[in-house]
Each structure stands twice: as C-alpha cells, then as structure tokens.
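A.B. asks: Encoded as structure tokens, here's the structure I'll be asking about.
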Amino acid sequence: MTQAPEPGPLKLGKHTFNSRLLVGTGKYKDFATMKAAHVASGAELVTVAVRRLDLTAKGDQSLLSWIGSGITLLPNTAGCYTAEEAVRTCRLARELGMSDLVKVEVIGDQKTLFPDTAELVVACRELVKDGFTVLPYTNDDPIAARKLEDVGCAAIMPLGAPIGSGLGLRNPVNLQIILEQAKVPVIVDAGVGTASDAVVAMELGADGVLLNTAIAEARDPVRMAEAMRLGVEAGRQAFLAGRMARKLYASASSPVTGLIT
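Just so it is clear: in the sequence shown, position 182 is 309 by the numbering used here, and no numbers are missing.
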C-alpha cells in the first residue's frame, strides 16, 4: 500500500506558509476590494508585477500600502519576453527590498501568453546562482518541468490553462505526470476559473494553487476569494484522505449478509 502523504505547511526554499492559496493584485476595481479579497482568501503569499508597479505613487495611491500585515510579497516578472529582462526585473525587486522569493515568467507569445520555456530555463539558472528562491511559471510540459527542477528551482508552477482564461485544468494528465516526477512543490498557476477548479488541482496532489483573475473579475470578489480558500482546503484534505477506488458497477453501501427475509 502506498504511504499516505504527510499534512503540513507549504515549504518553498527557506520560506514556510500555512496557506496553499496564492493570489495576485491585478484587475481589481479598487485597492480596497483587493485587500478585502486577500483577507477572505487567507493567502500569505501575494504576487506583484514589478514592471507594472507605480513606484512614484504614495500613501493610499500605492498598491503596496494596501498589502496587509503578515503577507509576503512575491514579485513576478510579468511582461518579460527574454531571460535578460526577467533577471533584471528580479534584481530590481530585490533592490526595492521586496523578497528573494520570485515568480519568474518569460512570455513567448503576446496573444496566448504561453511561456517561452527555453528562455525561462536560462533565466532561472542565472537567478538560482544569484541566490534567489525561484518559482517558474511554465507550460504543462513534464520535460520543461524537469529541466527547471534540475537548475535548482524551489517549485514548479505549470499552467492549468492560459493566463486569465478561466478554462480550468485543460490537461490533468500532464499535470499528473509533473506531480509524479517532481521532487519539489508543484503549484498550479493560471487558468483556474472557479472553486471547483481549485479543488481538482489539489485533489490531483498539487501543493498549491496560484490565481488572480478568477477572484478579481468575479461578480463578488470577496466571496469568491473565500470560496477559493475553501476549495483549496477541501481539495487538499481529499488528497490526503485518499479517494475510494473507481468501480464500473454498483456496490451496496449496506452489508448484504443478515438481510431480513
């Protein structure tokens, strides 16, 4: 019998988090809604697009002033199309005092926003050597995932579907292969549309889920943030519990022996 997985916190390099839901900061109608959604989500790790951050904004006009206490910033390299741009952006984030923990994106196509995995591996290799704790956003490609782990990434973040699409997990088979071969945490990133998508990702064995648009563009972002928190927690519990075997035919819940005749 396969040994049951151990419960516990999410460990990313030297960082430890109790919540397995990671959320973003973009697309909200205002900062107040964003902050309320963050609280409802229970997230402890929140992504910030460094290249889209207004560093001249002060006080309540600054996005960073709306990030609650106890939340760790996860600077990301959204908008970067080369390894050089991604590395430079991470170094800027470190100079700004954000974090050594970085989400690395190197986009290969402006329309689909699919990652350029070749450039991504180059960027991650350099950033790992430079002392960063690297979380790469990648395609649902087991070979790319293995290469990223080999260069020292602290986790692998395969997409469930294109960024912002809300299509859910389009290729659970590839995700399962990535999960089976990975020796580092796997966080499903992008494509989640609703809480059931988050449940499925966690039931597959993902170590976490990162999402943004599904909350920010919901009719009620704060309520959806809570739903996502509950979905991630339920999916994790179901994975740890171990689901029953699928059967082709019915199997009575009550014993068939000792029936009254």
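Each residue gets a CB set at the ideal place from its N, CA and C atoms; glycine is no exception.
Just so it is clear, the structure is predicted and the values come from calculations on it, not from any experiment.
#1: Got a sec, what are the start and stop residues for the alpha helix (DSSP H) Asn301 sits in?
#2: Out of curiosity, what's the CA-to-CA distance linking Ile342 and Arg179?
#3: Should the stretch 348 to 361 be called in touch with the stretch 146 to 156, which here means at least 3 C-beta pairs below 8 Å?
#4: On the criterion of 16 or more Cβ atoms from any shown chain inside 10 Å, does Pro263 qualify as buried, or is it exposed?
#5: Which partner residues does Met284 have in the DSSP bridge list?
#6: Hey, out of Val319, Gly369, Ala333, Lys374, whose CA is closest to Ala354's CA?
#7: For Thr216, which of helix, strand or coil comes out of DSSP?
#8: Where does Ala372 land, buried or exposed, given buried means 16+ other C-beta within 10 angstroms?
#9: Compute the distance between the beta-carbons of Glu171 and Ser146, then report whether it is under 9 Å.
#10: Counting only the same chain and skipping the five closest in sequence on each side, list residues whose C-beta sits under 7 Å from that of Thr321.
#11: Looking only at C-alpha atoms, which of Pro136, Pro134, Gly140 sits nearest to Ala282?
#12: What residue range does the beta strand (DSSP E) around Gly335 cover?
#13: Compute the distance between the beta-carbons of Leu296 and Thr265, then report whether it is under 9 Å.
#14: If you draw a straight line from the alpha carbon of Ala255 to that of Val166, how long is it in whole angstroms?
C.D. replies: According to the structure data:
#1: As a working note, residue 301 is residue 174 in the sequence shown. In the DSSP annotation of this structure, the continuous segment of the alpha helix (DSSP H) that includes Asn301 starts and ends at 299 to 308.
#2: Here the question's residue 342 lines up with position 215 in the sequence shown. Here the question's residue 179 lines up with position 52 in the sequence shown. The straight-line gap from Cα to Cα measures roughly 19 Å.
#3: Counting C-beta pairs with one atom in each stretch, the stretch 348 to 361 and the stretch 146 to 156 have three or more that are closer than 8 Å, which means they touch.
#4: Locating residue 263 in the sequence shown gives position 136, counting from the first residue. Taking every protein chain shown into account, the CB of Pro263 has 16 or more other CB atoms within 10 angstroms, so this residue is buried.
#5: Here residue 284 corresponds to residue number 157 of the sequence shown, with the count starting at 1. Its beta-bridge partners are Tyr264.
#6: For this step, residue 354 is matched to residue 227 along the sequence shown. Distance from the Cα of Ala354 is smallest, within the candidate group Val319, Gly369, Ala333, Lys374, for Val319.
#7: Numbered from 1 along the sequence shown, position 89 holds the residue referred to as residue 216. Helix at Thr216.
#8: As a position in the sequence shown, residue 372 is number 245, starting the count at 1. Ala372 is exposed by the Cβ-count criterion.
#9: Working through the sequence shown from its first residue, we reach residue 171 at position 44. Working through the sequence shown from its first residue, we reach residue 146 at position 19. It is a contact, given that the beta carbons lie within the stated cut-off.
#10: Walking along the sequence shown from the start, residue 321 turns up at place 194. Apart from the 5 residues on each side of it in sequence, Thr321 sits with its Cβ closer than 7 Å to the Cβ of Ala341 in its chain, given in chain order.
#11: For the purposes of this step, residue 282 is taken as residue 155 along the sequence shown, with counting starting at 1. In this structure, Gly140 is the residue among Pro136, Pro134, Gly140 with its C-alpha nearest to the C-alpha of Ala282.
#12: To locate residue 335, count along the sequence shown from 1; it is residue 208. Residue range 335 to 338 is occupied by the beta strand (DSSP E) that includes Gly335.
#13: Within the sequence shown, numbered from 1, the residue matching residue 296 stands at position 169. Within the sequence shown, numbered from 1, the residue matching residue 265 stands at position 138. If you check the CB distance, Leu296 and Thr265 do not come in under 9 Å.
#14: Sequence index remark: in the sequence shown, residue 255 carries index 128 (1-based). Sequence index remark: in the sequence shown, residue 166 carries index 39 (1-based). In the sequence on display, residue 255 carries Val and not Ala. A straight line joining the alpha-carbon of Val255 with that of Val166 spans about 31 Å.
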